[in-house]
Every structure is written in structure tokens, then in C-alpha cells.
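So the protein sequences, as listed, match chains S and C.
Reading the first sequence from the start, the letters are residues 1 to 342 in this note's numbering.
Reading the second sequence from the start, the letters are residues 1001 to 1342 in this note's numbering.
Below is one structure; the comments refer to it alone.
Number of protein chains: 2
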Amino acid sequence: MTAAASRPGRRVSMADVARLAGVSSQTVSRVSTGHPAVVDSTRRQVLDAMAELGYRPNSAARALKRGEFRTLGVILFTLATTGNSRTVEAIATHAAHEGYAITLIPVAVPTQDGVLGAFTRLGELAVDGIIVIMEVHLLDAANLTLPPGVQVVVVDSDAGDRYPVVDTDQADGARQAVRHLLGLGHRTVWHVTGPAESFSSERRANAWREVLADAGREIPPIERGDWSAESGYRAGLRLAGDPSCTAVFAANDQMALGVLRAMAERGRKVPDEVSVAGFDDIPDAGSYLPPLTTVHQDFAEVGRRCVEALLRQIRHEPVDAGTVLVPTTLIPRASTAPPPAR
Amino acid sequence: MTAAASRPGRRVSMADVARLAGVSSQTVSRVSTGHPAVVDSTRRQVLDAMAELGYRPNSAARALKRGEFRTLGVILFTLATTGNSRTVEAIATHAAHEGYAITLIPVAVPTQDGVLGAFTRLGELAVDGIIVIMEVHLLDAANLTLPPGVQVVVVDSDAGDRYPVVDTDQADGARQAVRHLLGLGHRTVWHVTGPAESFSSERRANAWREVLADAGREIPPIERGDWSAESGYRAGLRLAGDPSCTAVFAANDQMALGVLRAMAERGRKVPDEVSVAGFDDIPDAGSYLPPLTTVHQDFAEVGRRCVEALLRQIRHEPVDAGTVLVPTTLIPRASTAPPPAR
DNA sequence: CGGGGTGATGTTTACGTTAACATCGCGGTG
DNA sequence: CACCGCGATGTTAACGTAAACATCACCCCG
């Protein structure tokens, strides 16, 4: 039944199906695309012939004819961060739901050349639109090579004036975390920030500074990390040495994990002596020692909105240029508490 | 310079470039594909014309003509696990290096229907080969619909008799961990395993049981988790209640994290009273409290080998059917120590 | 000085699909 | 009963590219 020896080499085409079913290839096409104007008996014949020959449509030919690929490109630096992989997963799922496939373009080196190269490759790829998941200020150069006719949506950037941007409300999340710590009675809040090139990092740091300034608190020197737990650990060791430091807001959960470890090693009890808050709410955060107070990001929603915005552009429906902000929520757990009485 | 008003609607094609450059479109094609038989002056003219018009090749037409898409499909259940996202990243990077793009096909529900659906979609997609990253026993049904002419490589499965399989040497890694614990003097080792459908989980558990049996040790009842830290925590609470339990091997780092938390909450000191080992060596593992002894997996190598094996198949070069095992290494850290003296 | 090559470029055609138009047959209506 | 209209199906052409073959100019060598 599934046998059907096709001629060697060549794949089964509509013409083959048409021959076997005794119809024209246009009728096969109509069946294949679900066109209504085909009588049931004919449709059945065609479907049987398709099954017998193991026909599957050639998407290259289809794309050539239709002028669209039904594929979205995702350009990013790495899948290694929780945020990126979760966002990509959401994008892929939602795109699949809309009948689109996802092509992944990793950019190995976050240099302008790297980005340019990726965009060139994307230009040659079979892609109707591009989602850029980028944390660094590298869109300017890349912008020039953006292939015309390809739509773009950006995650985590400040390109809102040029492209639609979808992002977590970084600033509000950071504000919630810092206010939470101040609300517990801490005099001020130390901050472990991410890499300098990162927009997210910058926005979280700005919001932290702003809340402290608004409250008239002292703004301690900022500690810089690179998102990794290891870098958080190093920052944590420095902070642990400062007895006046009673509250730390880390720009992501992994650096917060490093801070927790540093505090533990230096014998500074969390949360009794020092409070620690993170950002992201990665699945493990609730299992840290102690379970981490953090800001929850809805990566799935970010992915969904990206796809939505991009498809709207592709379909030439009205799109609000500018930034869509996905709200964040503070998740209080056991790593924050009032400062020690003195 | 970059202006160049093309006719409305239609994209720039080779014919347009040819017209502007005053050559035939075949010459444009030759320049585009890097064919050597083009004189420098002509090549320059063509390149200038391309730049002026903003020409980019139509990959659909190219794929149709060449009969290959230069794209690999990756089918998986989720990107949420460290192993999967790291593997996918390595696949994407290595594939890009070989001039191939990656199309991501998430299968929402790990049912037979889900897998079948994904393969059907993949069949219609522009893909020269497929990498299946699957943890469950669902290939049998899917097998039937595997589009002919599409090559397949499988990660983390026992399908080695049917497809080439690339995987981490799960069994050896687990053996190293268990032997390490026994070597420290523990009478036996408890095990927190992953979900029942997972091959990795099964192999790690089997190796654990085998080492204990070979050493003539008692085999404690197995604790089942679902890879999450939360499930590890629940298992850890049960183990913490058993004073005879001095060594725990968790099937991944996240569950180990949960075990660490449970032990801490129950006041059982790690590693003085209880040793805990994990599997994966995720980047955070070195920052757990205490830093986790675990088995390092080389996801990058797995991804690389996958792409290599798949491309060999696609190019009809000889491939060893069967399983390629990527070695693992035990990383001793601070979560394991000799059992308490009694 | 002519024949035979060689290398650059042009022409033709086919890849598989689908839009647009053409055809055909049948039932209803004035 | 002739004509119209409509629904089902067939025919033609085009999407953009690249392989195969054709052509042409030029150079080398006998």
C-alpha cells in the first residue's frame, strides 16, 4: 500500500499524482491547497493517489510561486540564557500555531560584522520576517543591510522608533524589586548589574537608581557582572565585605544565586542580615537557599506578542510602531526580610 | 546610491540586475554562485548592479532548481531544559558554519499524534534532513510517516538500529558518579530519577543500579522526579527523613538543587552528613550551596556530531548506523564527602 | 596563415507549483 | 428549445534560478 516505486532519483510531483489519479495536475493542486471546487469523488481519487505515491508538496516551488515562505527568522546571540531560550520556544510554538516555521540564526560574535553577516544570510534565506532578540547596541549598522520587504520586530532594544519592539517592562520590574526592599526598611539597596552592552541591564540599573534617588536614598556604587552566577559570586564577595550592605538587587536570578553563595561563604545570613532579590523568576529560583525573591517575566507572552506583531506587519495590517511592554510581577519568597535591628 | 526604484511590488531578480549590468542573467547567476569563469571587469559590473538594485537571491527559486534547501529541521518537545537548548544552540552554530540554516519544530504535546503532525509538517517544510531530539519512546509510530528522501539523526533515543544516534554517554557518567560516592566510603547510594518516559533517565538509573549490584551493595528504593528542582525538593524531603541515607545521586542538576534545599531545610548538612551529586554540569551548578559535584555533559559536541552525521547522510557519504557516544566527565566539587563517622 | 583549442558569455530549458483563463456539460428559464 | 450561467475540470504561462549546451573571439602552434 505504501510501497509505490517512484522513478529513481526524482521526487514525487503533482504530475505523478495527476497521472495516477487520472486528472490534471491543477486538480491535484486544488486538492492540495484545499480549494473547494473539487467534487468529492475526484478529491478522493487524488488523495488516494497521493497516499499511494507518498506525495509531499515541494515547498520551494510553492514558495516561489506564492512569493512567501511561511517562515520567520529569529536572530540572536545565544540560546544559553533562560530568557532567550524561553522566548524562542514561545515564538516557535506560537508561529507553528499560525502555520509558520522558525529559522534560527545564531550570531556567533556580537560585533557589527557578525550582525551584518547574519542579516545577509537572513536576506538570502527563505524568510518572510525577522525577529531580532538582541541585547546590544548593534542595530544601527545592521539596519543598512536589512533586506527590503522583510519585516522586523525587535526584542529587548531601544529601536522603538524604527521597528516595533516587544519587551518585558524591565523598568517597572526593577522598581518593584527596589521598592519592595526599601519597604522592608532597608536604608538603601546595592545593585549587581549585567554587562554594559545590554539594554535590559541598563534599564534595570536606571530604574534602581531612579527609585533610590526619588526616595532620597544614598546610591551605592554599582557592581558589574556578566549575567553568570560566577560573576554574581565575585560581586557578592565584595558586597559581603561591606557591613553596611543589607540589601542587594541582582539584575538576574543567576547572579543572585552567586550573591547567595558569596553571602553564605562569608557567613552573612540571608535574609536575616542581608536581603537578596533577583530578576527573571527562572524555574529554579524557588529552590535556591533560601528561595529567591525575584521579578517574574512572562517570556511566553513576549514571544507571542512578537509573532503577532510580525505577522501583522507581514499581512500589512496596521502595526503600532513603538514598544509593547509586557508587565512583570514581583514574587516575594524567603530571601528578603527587614534589615537586622541595630 | 542605495536608492534604485524597482518596479513596484516585485522584488529584484537576476534579470533586473542583468539588464542594468548589460549582461545575461546567466552571468549574474555565475557571479552570484561564485563560478570562476567570469572576467573581473564583468564581475565588478554585476556586483555594482546588484548593490545598486539591492538584489538578493531568491532562495525558493534556488532551492527549487538545486533540489536542496540547505536547511536542517530540528524537532523537539521543549527548549526549556538546559540540555535541549544547549544542544540546539550547538546544532545551529555548527550548521551555520556548514552553510545550513536550522528550522525549529516544537512538538507541543508528546503524543503520537503530535509527533506525527510534526513530521508531516516537516515533510512539507523546506528541509534536507531532520534531527530528532527526543526523550520519549515515540519514534515507532512517527517512523511510518518519515518522508522518504529526508535523512534523520536522533539524539537521546534507543533507535540506534534504525537511525544514527548521537548521545552523551549517560551510562558511563552515571557510573562515574555512583562509583565516586562509593569510593568516598558510602555504604550505598540513593537515586532520584527523571520521568519514566525519558531514555536518559532510564539509562542513568540502570547504570546506578548496576554499579550498586556489582559492588554487592543494597539497592535503595528509587525516588522519581520530573527533572524540576521542585520535584527534587519533594524527593529530597523524603530522603532527608531517612537517617541511613548518606549519599544521593540525582539524575540532573536541577533535581539535585531541590535535594540540597530539602537537606538544608531539614538540617542535614551537605556534604558532612549527606553527599549529593548531580548530572549535566549546568553553568549554575558551581554556584549552588555547596557547589555541586556533577557529571559534565558536552552538549556542544553532541550538537556538532549530530550535524556532522546528518550532513554525511545528506551527502551520501558512508555513515555508521548505530550510536555515537560523547564521553562525560565527573566534576568533583563541594557537595560530596566521606560519610559521617558513626 | 589556418585549424583547433580554450575561456568568456549568451540561450534554452526545466525545476514544481498555482493564478488566470479556457472549456465543457448540465440544469433552469423565458 | 435555445440560451445563459455556473460549477467542475483542463490548459497555459510564469515565478527566479542554474545546468547544459551553444556561440564567439582570441591565441597558439604547426
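For each residue, glycine too, the CB sits at the ideal point set by N, CA and C.
As the structure is a computational prediction, the values presented were derived from the model and not from experiment.
Residue i at chain S interface by Cβ criterion, 8 angstroms
i: Ser1085/C; result: yes
i: Leu1079/C; result: yes
i: Gln1254/C; result: yes
i: Ile1102/C; result: yes
i: Arg1261/C; result: yes
i: Thr1093/C; result: yes
i: Phe1279/C; result: no
i: Pro1106/C; result: yes
i: Ala1018/C; result: no
i: Ala1235/C; result: no
First through last residue of the beta strand (DSSP E) which encompasses residue i
i: Leu1325/C; result: 1323-1326
i: Asp1167/C; result: 1165-1168
i: Thr42/S; result: It is not in any beta strand (DSSP E) - Thr42/S instead sits in the alpha helix (DSSP H) that spans 40-53.
i: Ile1075/C; result: 1071-1076
i: His186/S; result: First-last for His186/S: undefined, no H or E at that position.
i: Thr1293/C; result: Segment: none, Thr1293/C is in no beta strand (DSSP E) and carries neither H nor E.
i: Ala1101/C; result: 1101-1106
i: Leu125/S; result: That residue, Leu125/S, is in no beta strand (DSSP E); it is neither H nor E in DSSP.
i: Ala247/S; result: 247-250
CA-to-CA distance, residue j to residue i, given in whole angstroms
i: Met14/S; j: Arg1315/C; result: 26 angstroms
i: Val1276/C; j: Asn1252/C; result: 11 angstroms
i: Ala1080/C; j: Ser1335/C; result: 25 angstroms
i: Val155/S; j: Glu202/S; result: 15 angstroms
i: His97/S; j: Pro283/S; result: 25 angstroms
i: Arg1209/C; j: Phe1199/C; result: 15 angstroms
i: Ala256/S; j: Leu239/S; result: 12 angstroms
i: Arg1044/C; j: Ser29/S; result: 42 angstroms
i: Glu265/S; j: Thr1093/C; result: 38 angstroms
i: Ala262/S; j: Thr1294/C; result: 20 angstroms
i: Val192/S; j: Ile1222/C; result: 41 angstroms
i: Gly1073/C; j: Phe299/S; result: 24 angstroms
i: Leu1020/C; j: Arg62/S; result: 29 angstroms
i: Ala1101/C; j: Leu1125/C; result: 13 angstroms
i: Gly267/S; j: Val307/S; result: 47 angstroms
i: Pro1036/C; j: Thr1042/C; result: 12 angstroms
i: Arg1224/C; j: Leu1260/C; result: 16 angstroms
i: Met134/S; j: Val88/S; result: 12 angstroms
i: Gln401/S; j: Ser1157/C; result: With chain S running from 1 to 342 in the structure shown, residue 401/S is simply not present.
i: Arg56/S; j: Leu47/S; result: 11 angstroms
i: Val211/S; j: Thr103/S; result: 40 angstroms
Below-8 angstroms beta-carbon distance, residue i vs any chain C residue
i: Glu301/S; result: no
i: Ser287/S; result: yes
i: Ser228/S; result: yes
i: Gly258/S; result: yes
i: Glu317/S; result: no
i: Glu124/S; result: yes
i: Tyr283/S; result: Before going on, a small fix: residue 283/S reads as Pro here, not Tyr. Chain C, which has a Cβ nearer than 8 angstroms to the Cβ of Pro283/S, makes this yes.
i: Ala247/S; result: no
i: Glu89/S; result: yes
i: Ala240/S; result: no
i: Ala96/S; result: yes
Endpoints, the alpha helix (DSSP H) within which residue i is located
i: Phe299/S; result: 299-314
i: Trp1227/C; result: Element bounds for Trp1227/C: n/a, residue is neither H nor E.
i: Phe1279/C; result: Phe1279/C -> no alpha helix (DSSP H), and no H or E assigned at all.
i: Ile1091/C; result: 1082-1097
i: Thr33/S; result: 25-33
i: Gly1129/C; result: That residue, Gly1129/C, is in no alpha helix (DSSP H); its beta strand (DSSP E) goes 1129-1133.
i: Leu260/S; result: 253-265
Cβ contact (3+ pairs, closer than 8 angstroms) linking the region 311-331 of chain S and the region 164-181 of chain S: yes
Members of the region 48-63 of chain S near chain C, C-beta cut-off 9 angstroms: Gly54, Arg56, Pro57, Asn58, Ser59, Ala60, Ala61, Arg62, Ala63
Three CB pairs or more closer than 8 angstroms across the region 1183-1202 of chain C and the region 1210-1219 of chain C: yes
Chain-ordered residues of the region 1161-1174 of chain C with a beta carbon less than 9 angstroms from chain S: none
Against chain S: residues of the region 1185-1214 of chain C by CB proximity under 9 angstroms: none
Under 9 angstroms (Cβ pairs) to chain S, residues found in the region 1030-1042 of chain C: none
Contacting positions in the region 1263-1276 of chain C - beta carbon closer than 7 angstroms to chain S: Ala1264
Segment contact flag, the region 64-73 of chain S with the region 11-25 of chain S, C-beta cutoff 8 angstroms, min 3 pairs: no
Residues of the region 322-339 of chain S whose Cβ lies closer than 9 angstroms to any Cβ of chain C, in chain order: none
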